[in-house]
Structures are given as C-alpha cells and as structure tokens.
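One structure is given below, encoded as structure tokens.
Residue numbers (the working numbering), protein chains in the order written: chain A, 64 to 176; chain B, 1106 to 1216.
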C-alpha cells in the first residue's frame, strides 16, 4: 500500500528566509504527487502537482517542488517566505485507482517577523 | 461557480444520534470523496464514488454510509454517532485522473 511521510511536524522560519518542507512517499508505480496548503479553519488548496515530465514543478504563491525518483521524495521549496505562508502543508500521493489520495500527516509552518 | 460546498459547517451531536452531511459540486466531476481530518493524522479517506449510483469503501469506512443518487451530490451518513467520530470532514471532487478539489469542511462534535 502507498504511504506518505512528512518527517517535520512543525517548522518555524523567519520572514524572508528560505523554506524546504520534506515529503517521502512509498508507492510501487509512477506516482502522482501533490502539495496542498490549509490555513486555519479552512479547506485544502492545491499548491502544485506532479504527474509526469519535468521533475521541477512550479506552483502558486511562489512555491516549487522537485520530484526525485531515486530518493522517493517530493520536497516543497520557497526562496523567501512571507508571513501569510503560515499554515499547514500536506503532501499527498494518488493511486491509479479512482485517483484516491493518501496524505502525509502534515507540517505546520510558523513564520516569525 | 461555487466549486465544492458542504452543509452544515458545524454540528454538535449526542452519542447515538444520526445525521447526514451533504456535499455538492458544480464542476461536473465524476469522482467524489469523503475524508476525515484528525490532529496529527492528516486526512484519511472514508468512502468514495466514481460515478452516480456507485460507492466504495476507503481507509476508515466503519460507522459511515454514503450515497450518490445524483452526480453532483455525495452524502455521508452517521447512523449512530460515537465520540470517536468527532472530527473535521472534508468532501472533494475530481475529474477522472485529475486533481481533487476540496470543500471548506464540516466540524462535527459528538458528545
């Protein structure tokens, strides 16, 4: 069965600093990978996705992620964090069956001014 | 175009009561999903549907039932609520093989 690991439960960064959120997956076939963001009390918003092709994908709000098959990773990055980026971030992998998503447990990002 | 909407936004139930959560989407998506979100556990799939009249179990289906009588609606039912079902419930929809779009969630408290 597929699984997703987000090893960092909570990360604090200063505004303007760079950010990298880690995601490792376990899935036998070629994965479809996603990053979602959830602000407090809100639903999930898609940041970016990888289906195939270029392994560096660009998303909304200045985020990017790189798919590394050899490391089974799909880490999320942003060169300069803004205070409004404080939220919870979820990595997810989609199986081929009915496009079901398996989520990681999330990383809560705190941004200090 | 409202996307995915969920009703109600918040509900308090007593143990043993029943209720139905409604999810509606206006994007003509074939697939619909119900997840629950609990602290430290991410989102877990309860049930899903790949088309009108079809449903299937996800990772945590026990204690829940679903129905998809119309393509745009996906109902989640709790026949006899338990405190362990206190959670935030999210509905999502997608086209075949594409990105899932999520609703705003329903907070359920079972006393």
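From the three backbone atoms N, C-alpha and C, an ideal C-beta is built for every residue, glycine too.
Secondary structure at residue i, three-state DSSP: helix, strand or coil?
i	result
residue 1176/B	coil
residue 1151/B	strand
residue 1143/B	strand
residue 1208/B	coil
residue 1190/B	helix
residue 66/A	strand
residue 74/A	strand
residue 132/A	helix
residue 115/A	coil
residue 1156/B	strand
residue 147/A	helix
residue 125/A	helix
residue 1197/B	strand
residue 105/A	coil
residue 1182/B	strand
residue 1112/B	strand
When burial is assigned at 16 or more other CB atoms within 10 Å of the CB, is residue i buried or exposed?
i	result
residue 1137/B	buried
residue 132/A	exposed
residue 123/A	exposed
residue 83/A	exposed
residue 1112/B	exposed
residue 147/A	exposed
residue 1173/B	buried
residue 172/A	buried
residue 1119/B	exposed
Where do the ends of the beta strand (DSSP E) carrying residue i lie?
i	result
residue 1116/B	1115-1118
residue 1213/B	1211-1215
residue 85/A	Where residue 85/A is concerned, there is no enclosing beta strand (DSSP E), given that its DSSP letter is neither H nor E.
residue 1070/B	This structure leaves residue 1070/B out entirely; chain B is present only between 1106 and 1216.
residue 1132/B	No beta strand (DSSP E) contains residue 1132/B, which DSSP labels as neither H nor E.
residue 157/A	150-157
residue 1165/B	No beta strand (DSSP E) contains residue 1165/B, which DSSP labels as neither H nor E.
residue 176/A	Premise fails: residue 176/A is in no beta strand (DSSP E) and is neither H nor E.
residue 168/A	No beta strand (DSSP E) holds residue 168/A; DSSP gives it neither H nor E.
residue 1122/B	From DSSP, residue 1122/B is part of no beta strand (DSSP E); its letter is neither H nor E.
| query | When you check each C-beta in the region 128-158 of chain A against every C-beta of chain B, which residues fall closer than 7 Å? | reply | Listed by position along the chain: 153.
| query | Taking a cut of 9 Å between CB atoms, which residues from the region 96-112 of chain A lie near chain C? | reply | Reference to chain C is not applicable here, since the protein chains of this structure are A and B.
| said: Under 9 Å, CB to CB, which of the residues in the region 1129-1146 of chain B have a partner in chain A? | reply: Taking 9 Å as the Cβ-Cβ cut-off, the region 1129-1146 of chain B approaches chain A at 1136, 1138, 1140, 1142, 1145, 1146, given in chain order.
| field | Against chain A: residues of the region 1153-1173 of chain B by CB proximity under 9 Å | value | 1153, 1154, 1155, 1161, 1163, 1164
| field | chain A contacts from the region 1198-1212 of chain B (Cβ-Cβ distance under 8 Å) | value | 1199, 1201, 1202, 1203, 1204, 1205, 1206, 1207, 1208, 1209, 1210
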